[in-house]
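Novice: Questions regarding the structure given below will be posed in turn.
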Amino acid sequence: MILVSACLIGLNTRYDGKNNFHQVFCDMVKNKIAVPFCPEQAGGLATPRCPSEILGGDGTDVLDGNAKVITREGLDVTENFLKGAFETLKLAEIIGAKEAILKSKSPSCGSKCIYDGTFSKKLINGMGVTAAYLYQHNISVIDSDEYLKQRQRS
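Position 15 of the sequence shown, counting from 1, maps to 18 under our numbering, and the rest follow consecutively.
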């Protein structure tokens, strides 16, 4: 079983109330090989919600207490992101997931790069909070954009 970011199957869970639908991920759920999940909603954040970015590092730094997640308005939502990561791992353990396909660039789900915390659309290398937490717990984290590129090449 695989965890997949809920926005990738067409659920309107993104911060702006929209989704990042790709049929391939929807098919994975239909074929019962994947389960959708949104860590930000599980962490108690509403949809739609103000966009958030990690300030002072990446998800690993947030987990270590050395960075925080803030909204564009400056509200600290670190606890929501941590709770979402913890809940995601619980679900992974319940369903026996060893991998997760997560939305690229997200402060929760990004696995290769995330926005830099300045809300200027600048990307930095690093993982989101949930991606880093899953990785620390031996769950293979796969970037959704990379997954799609690899499928196109094969």
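No residue lacks a Cβ here, since even glycine has one placed at the ideal position from N, Cα and C.
The model shown is predicted, which means the values in this text are computed figures rather than measured ones.
(1) State the beta-bridge partners of Asp146 as determined by DSSP.
(2) From this set, Asn15, Cys29, Ile57, which residue's C-alpha is nearest Leu151's C-alpha?
(3) What span of residues does the beta strand (DSSP E) with Glu76 cover, start to end?
(4) Going by CA-CA distance only, name the one from Lys71, Leu58, Lys21 that's closest to Lys125.
(5) Less than 8 Å between the beta carbons of Cys116 and Asn128, yes or no?
(6) So the beta strand (DSSP E) Pro110 belongs to, where does it begin and stop?
(7) Counting only the same chain and skipping the five closest in sequence on each side, list residues whose C-beta sits under 6 Å from that of Ser55.
(8) For the alpha helix (DSSP H) containing Pro39, list its first residue and its last residue.
(9) Would you check if there are 3 or more beta carbon pairs closer than 8 Å linking the segment 38-54 to the segment 81-90?
(10) Can you tell me the Cα-Cα spacing of Ala70 and Thr121, whole angstroms?
(11) Anyone know if the C-beta pair for Leu11 and Ala95 falls short of 8 Å?
(12) Can you give the Cα-Cα distance for Asp19 and Pro42, rounded to whole angstroms?
(13) At which residues does the alpha helix (DSSP H) containing Leu137 begin and terminate?
(14) Leaving aside the five residues before and after Ser114 along the sequence, list all residues of the same chain whose C-beta is less than 6 Å from its C-beta, in chain order.
(15) DSSP on Leu3, reduced to helix/strand/coil?
(16) Buried or exposed: which applies to Leu137, given that a residue is buried once 16 or more other Cβ atoms fall within 10 Å of its Cβ?
Specialist: In short, the structure shows the following:
(1) Start at 1 with the first residue of the sequence shown, and residue 146 comes out as number 143. Leu105.
(2) Residue mapping note: residue 151 aligns to position 148 of the sequence shown, counting from 1. Ranked by Cα distance from Leu151, the options Asn15, Cys29, Ile57 are led by Cys29.
(3) The count along the sequence shown starts at 1 and reaches residue 76 at position 73. In the DSSP assignment, Glu76 falls outside any beta strand (DSSP E), carrying neither H nor E.
(4) Taking the first residue of the sequence shown as position 1, residue 125 is located at position 122. It is Leu58.
(5) Start at 1 with the first residue of the sequence shown, and residue 116 comes out as number 113. Start at 1 with the first residue of the sequence shown, and residue 128 comes out as number 125. Yes, Cβ-Cβ distance for Cys116 and Asn128 is below 8 Å.
(6) The residue you call residue 110 lines up with position 107 of the sequence shown. First-last for Pro110: undefined, no H or E at that position.
(7) Numbered from 1 along the sequence shown, position 52 holds the residue referred to as residue 55. In the same chain as Ser55, and ignoring 5 residues on each side of it, the C-beta atoms closer than 6 Å to its own belong to Val72, Thr74, Val80, Pro110, in chain order.
(8) In the sequence shown, the residue the question calls residue 39 occupies position 36. Segment 37-40 is the beta strand (DSSP E) holding Pro39; no alpha helix (DSSP H) there.
(9) Inter-segment contact for the segment 38-54 and the segment 81-90 is present: three or more beta-carbon pairs are separated by less than 8 Å.
(10) As a working note, residue 70 is residue 67 in the sequence shown. As a working note, residue 121 is residue 118 in the sequence shown. Computed Cα separation, rounded: 13 Å.
(11) Position 8 of the sequence shown, counted from the start, is the residue given in the question as residue 11. Position 92 of the sequence shown, counted from the start, is the residue given in the question as residue 95. The Cβ atoms of Leu11 and Ala95 do not sit closer than 8 Å to each other.
(12) Locating residue 19 in the sequence shown gives position 16, where the first residue counts as 1. Locating residue 42 in the sequence shown gives position 39, where the first residue counts as 1. Asp19 and Pro42: Cα-Cα distance of roughly 15 Å.
(13) By 1-based counting over the sequence shown, the position of residue 137 is 134. That run of the alpha helix (DSSP H) goes 132-139.
(14) Position 111 of the sequence shown, counted from the start, is the residue given in the question as residue 114. Within its own chain, the residues whose Cβ lies closer than 6 Å to the Cβ of Ser114, once the five positions on either side in sequence are excluded, are Leu105, Met130, Ala134, Val144, Asp146, listed in chain order.
(15) Missing from the structure shown is residue 3; the chain here goes from 4 to 157 and no further.
(16) One-based indexing of the sequence shown puts residue 137 at position 134. Under this definition Leu137 is a buried residue.
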